[in-house]
Each structure stands twice: as C-alpha cells, then as structure tokens.
Amino acid sequence: MTEPTQRPVVVYGVSGYTGRLICEYLRELHVPFIAAGRDGKKVQAVVDKIPGMENAQFDVAEVSHDVESLTRLFEGAQVVCNTVGPFIKYGPEVVEAALAAGCHYTDTTGEQDWLIAAQSRFGKAYADANLLLSPCIAQMYTTSEIAANIALETPGLDTLDVLVLWKGFPTYASTQTIFTILKADWFHLVNNEYVAWDHRAARECVVPGQHGTALTVPWGGMAHPVWFKNDPRVATVTATGGVLDRAVMDGVVATTGMFEEQIRPLEPAAQEAALSDIAAGLQSDMPPRENPRVNTSIDSVYASGPLGRAHVAIHGNSNYKQTGLLQAFAAYSLLQQPPRRVGFASACQAFGHRELLGVLRQFGLVLKPVVTVHD
Ligand SMILES: NC(=O)c1ccc[n+]([C@@H]2O[C@H](COP(=O)([O-])OP(=O)(O)OC[C@H]3O[C@@H](n4cnc5c(N)ncnc54)[C@H](OP(=O)(O)O)[C@@H]3O)[C@@H](O)[C@H]2O)c1
913 MTEPTQRPVV VYGVSGYTGR LICEYLRELH VPFIAAGRDG KKVQAVVDKI
963 PGMENAQFDV AEVSHDVESL TRLFEGAQVV CNTVGPFIKY GPEVVEAALA
1013 AGCHYTDTTG EQDWLIAAQS RFGKAYADAN LLLSPCIAQM YTTSEIAANI
1063 ALETPGLDTL DVLVLWKGFP TYASTQTIFT ILKADWFHLV NNEYVAWDHR
1113 AARECVVPGQ HGTALTVPWG GMAHPVWFKN DPRVATVTAT GGVLDRAVMD
1163 GVVATTGMFE EQIRPLEPAA QEAALSDIAA GLQSDMPPRE NPRVNTSIDS
1213 VYASGPLGRA HVAIHGNSNY KQTGLLQAFA AYSLLQQPPR RVGFASACQA
1263 FGHRELLGVL RQFGLVLKPV VTVHD
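913 is the number of the first residue of the sequence shown in the numbering used here; add one for each residue after it.
Right, here's the structure in full:
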C-alpha cells in the first residue's frame, strides 16, 4: 500500500460493490484518484482485481470515519465520490470533511431523507464556497431524472409520474439502506409542497415494453420530489419503483407492514437494531458482477399538463455500472469546468441531462430513449 499522494478525486468506500465500479470508470476516463476505505488492505485487495488497474494512476488510502481524518485525506483533492451508505447514518462526516477540504461532494444515495437533510444542513455552505453538493448521482435516480428532463423539453407540462425498475440483487449496504429508510418520512410533491406518503402505499404499474405489470412502492419517496420542488416547470411529482421480481416486492410490502405494526412503536435505538438484523439476514454476500442480459433497467416518466403529454422510457442495463459511470463522469467533468449550479444540485442540474444521457449511451448502458409527445 502506498501513502496517499495528491490525486484530484477521492473515492470513499472502494471495498464495496459500487466504489470499485467508480474506480473502473475513472480509469477509463484517465482520471487519477485515491481509492479509500476504512480497511486499506481490503481496498488494496479489491483494486488489485479490477481489470486494467496496472495502467491506472491511483493510490490506496486507509481512513477512519471521522471528520478530522477524512478532511486530512481530502485535502489537495477537488472531488469526493462517497459510496459509504446508508448515508443518513454515515454521510454527514464525509460532507463536512469535503467542505472543510474545499472539495465538491457527490454520493450514490437513493435516500430521500438524506437529500433533504444534506440540502438543509449543508446546501448554503457549499454554495457560499462555490462547491457542488450532489447526493444521488446514481442510476436510482439520475437515469429517471434524465427521462423527466427529456419529457420536460416539451413546454407546459407540470406533473411528473416516475417509474424506476431494475432486475438484480441489492448489495449489503443497499439492503441496509432500504430498511433504514423505513424510519423516515417519505414525501411526494403536490403543487410544490411535500406531502407525506402512507408507508404502506404500493401501486401496480404498467411496464413499458412488456405485457406484464410490476408491483412498485414509494421506496423512501425517491429523489425527484426534492429535485423538482424548486423547479418552476414542475408542481407535482409522484415516483415509485422497485425490482422486477414480484416475490421480492411482495416481501418488501410485507416487511413494510410488519415494520409499521411491530417496529415503529419501539424506541429509536431498538428500531435501528431490529432493522439491521432483518437486513443482515436478507443479504450478506457480494452480488455477482452485473450481466447486461440479466440486469436490465427501465426508467419511465409520464409528464403531463392541461394541454399536453409526453412519455419517455429509457431501457438500460447494469444499474450499478450506470452508477459507477455517472459518478466517474461527474468527477471528470468537475475537474475540467465548474458545475452549472453550485450548492445543492442534482446531476442533471449540475451537468445537463443530454450530456449525462450521452455518457450512458457512449458506454453501452442505455438505449436511445423512447419518446412519445402529444401537444
Ligand atoms: N441509488 C443507486 O442507484 C445506488 C446504486 C449503487 C449504490 N447505492 C448506494 O450506495 C451505497 C453503497 O452501495 P454498495 O453497493 O457499494 O454497498 P457495499 O458493497 O455494501 O459497500 C459499502 C461500502 O461502505 C463501507 N462502509 C460500511 N460501513 C462503513 C463505516 N461505518 N465506515 C466506513 N466505511 C463503511 C464498506 O466498507 P467495508 O468493505 O470495510 O465494510 C464498503 O466499502 C449504499 O447506500 C447503496 O444503497 C445506490
């Protein structure tokens, strides 16, 4: 293991499933980086197995999960890509350290409560420092955000109905995250105001491109209500999603019901312990590397207004790879030019939806969007 030297990008959580994918794509974009994690040997063992790493410019760093140590690691860098989730639990130290070190911050969260917390707690400080604070640069939910923005290229549409589906196996931290978020309030957007979901809400959705339907849930509220809350084009956002495996979704609905009845009445610490136990029992192994023939994704958005409608469906594959690429591209872009918006901003607000679509297409991860417009 080498001592960290100055590299412009720090990827934190590289021993995990998503962190290593970000490193792969940074290599392909020729961006030098530091691969960091709480266990340096584990990080080294992981990067040693990434194909082609012998030609990448990187260092491995071990770091403790506290603001001081993280700040020391980030000093001299320009961008931090954080994959250590659940982010509502582990994110604040990393955001604080990135700000202290003068770095842009991105992460892979899908947690609406973390977006809202990060925005209110750190958004202004990042804007004042001319830095980007962009939680949730990830397949869930950047790909559907791209679809929404393509739909909104037709003016006069004010309502978004978002569907996010994928085929695959959540990783350990993803599973922890899915259960951690049960404790939070979840919101959709009605006329620019947050409205709480009933946690037991579920909807049967028509899936573009197939005859079968899919059972979906609010999945913590998703990111779109937060991103579009202050977008003058949009007033109302409903977003649901899940995996394209009905048995898994039946389990999610049943577990949510069980949480409401048996775990919500407990004290916060007991709630957390009960949820971690359930999550650990469900998934503890690293899922296999994604296979584009198996791990498909569908991001679909209906946008509507009084006098117009648009539908955009983006069929893709390998949603963790999409996340790795989106993160790596965000870092690559930030090294070359300032983001379009500083402070709290989504991937599309910071980098442009057409640009992000182009990158996903360039690497073979999504098809050309299927667009239908009636106006
Ligand atoms: N929105 C999306 O589309 C999307 C896509 C991908 C990932 N994600 C999210 O991103 C996060 C990471 O996912 P993943 O697939 O990479 O999960 P993972 O394979 O379980 O990796 C988690 C990483 O976090 C590290 N970690 C865990 N607890 C830590 C702690 N207390 N201090 C320091 N490091 C800690 C782990 O280190 P060790 O190896 O040392 O345990 C590992 O590097 C999850 O929250 C997931 O939901 C979201």
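For every residue, glycine included, the Cβ atom is placed at its ideal position computed from N, Cα and C.
Residue i to residue j span [Cα, whole Å]
i: Tyr-1106; j: Asp-960; result: 46 Å
i: Gln-1234; j: Glu-1184; result: 30 Å
i: Val-1149; j: Leu-1219; result: 18 Å
i: Gly-1163; j: Arg-919; result: 44 Å
i: Ser-1230; j: Trp-1078; result: 9 Å
i: Leu-1279; j: Leu-1237; result: 15 Å
i: Ser-1245; j: Cys-993; result: 13 Å
i: Ile-1175; j: Val-1074; result: 29 Å
i: Ser-1046; j: Phe-1034; result: 11 Å
i: Thr-995; j: Gly-1132; result: 18 Å
i: Cys-1015; j: Phe-945; result: 13 Å
i: His-1100; j: Trp-1109; result: 7 Å
i: Leu-1127; j: Gln-969; result: 44 Å
i: Asp-1189; j: Glu-1173; result: 17 Å
i: Val-1282; j: His-942; result: 32 Å
i: Thr-1066; j: Val-1076; result: 21 Å
i: Val-1288; j: Pro-1137; result: Past the edges of the chain, shown from 913 to 1287, lies residue 1288, and the structure says nothing about it.
i: Asp-971; j: Ala-947; result: 6 Å
i: His-1223; j: Ser-976; result: 46 Å
i: Thr-1083; j: Lys-1036; result: 32 Å
i: Tyr-1232; j: Glu-1179; result: 34 Å
i: Pro-1130; j: Gly-1124; result: 20 Å
i: Met-913; j: Tyr-924; result: In this predicted model, Met-913 has a pLDDT of only 45, less than 50, meaning its place in the structure is not dependable; the value taken from the coordinates is given anyway. Distance between the alpha carbons of Met-913 and Tyr-924 is about 16 Å.
i: Glu-974; j: Leu-985; result: 9 Å
i: Leu-1277; j: Lys-954; result: 28 Å
i: Asp-1287; j: Tyr-1214; result: 13 Å
i: Ala-1096; j: Asn-967; result: 43 Å
i: Leu-938; j: Glu-1116; result: 38 Å
i: Gly-988; j: Ala-1013; result: 7 Å
i: Asp-978; j: Asn-1142; result: 33 Å
i: Ile-1028; j: Thr-1021; result: 12 Å
i: Thr-1086; j: Ile-1058; result: Reading off the sequence shown, one finds Ser at residue 1086, where the question assumed Thr. Taking the straight line from one Cα to the other gives about 22 Å.
i: Asp-951; j: Asn-1104; result: 43 Å
i: Glu-980; j: Phe-1171; result: 36 Å
i: Ala-1010; j: Arg-1252; result: 19 Å
i: Pro-916; j: Thr-983; result: At Pro-916, the pLDDT of 45 sits below 50, so the modelled position is not reliable and the matter cannot be decided from this model.
i: Ala-1186; j: Ala-1166; result: 15 Å
i: Ala-957; j: Glu-940; result: 20 Å
i: Val-1007; j: Leu-1247; result: 18 Å
i: Val-1271; j: Ala-1114; result: 33 Å
i: Pro-1204; j: Gln-1088; result: 25 Å
i: Gln-1024; j: Gly-964; result: 35 Å
i: Glu-936; j: Ile-962; result: 7 Å
i: Ala-1240; j: Gly-928; result: 15 Å
i: Ala-872; j: Tyr-1017; result: Given a span of 913 to 1287 for the chain in the structure shown, any question on residue 872 remains unanswerable.
i: Gly-931; j: Gly-1153; result: 24 Å
i: Ile-1226; j: Thr-1055; result: 8 Å
i: Ile-1210; j: Met-1134; result: 15 Å
Paired residues, beta bridge with residue i - DSSP
i: Phe-1275; result: Partner(s): none; Phe-1275 has no beta bridge.
i: Ala-1215; result: Leu-1072 and Ala-1222
i: Leu-1154; result: The residue asked about is misnamed: residue 1154 is Gly in this sequence, not Leu. According to DSSP, Gly-1154 bridges with Leu-1077.
i: Asp-971; result: Ile-946
i: Thr-1125; result: Val-1118
i: Ile-1210; result: Leu-1077 and His-1227
i: Gly-1255; result: Leu-1044
i: Thr-1284; result: His-1223
i: Val-1102; result: Glu-1105
i: Leu-1148; result: Before going on, a small fix: residue 1148 reads as Thr here, not Leu. Thr-1071, per the DSSP bridge assignment.
Any non-hydrogen atom of ligand 3 closer than 6 Å to residue i Cβ
i: Met-1052; result: Absence of ligand 3 from the depicted structure is noted, with ligand 1 being the only ligands included.
Contact between the stretch 1088-1097 and the stretch 992-1007 (3+ Cβ pairs under 8 Å): yes
Runs of beta strand (DSSP E) wholly within the stretch 990-1074 (minimum 3 residues, chain order): 991-994, 1016-1019 and 1044-1046
Meets three-Cβ-pair contact criterion under 8 Å: the stretch 1062-1074 and the stretch 1140-1147: yes
Runs of alpha helix (DSSP H) lying entirely within the stretch 921-945, each at least 4 residues, in chain order: 929-940
The stretch 1042-1056 contacting the stretch 1260-1274, beta-carbon criterion three pairs below 8 Å: yes
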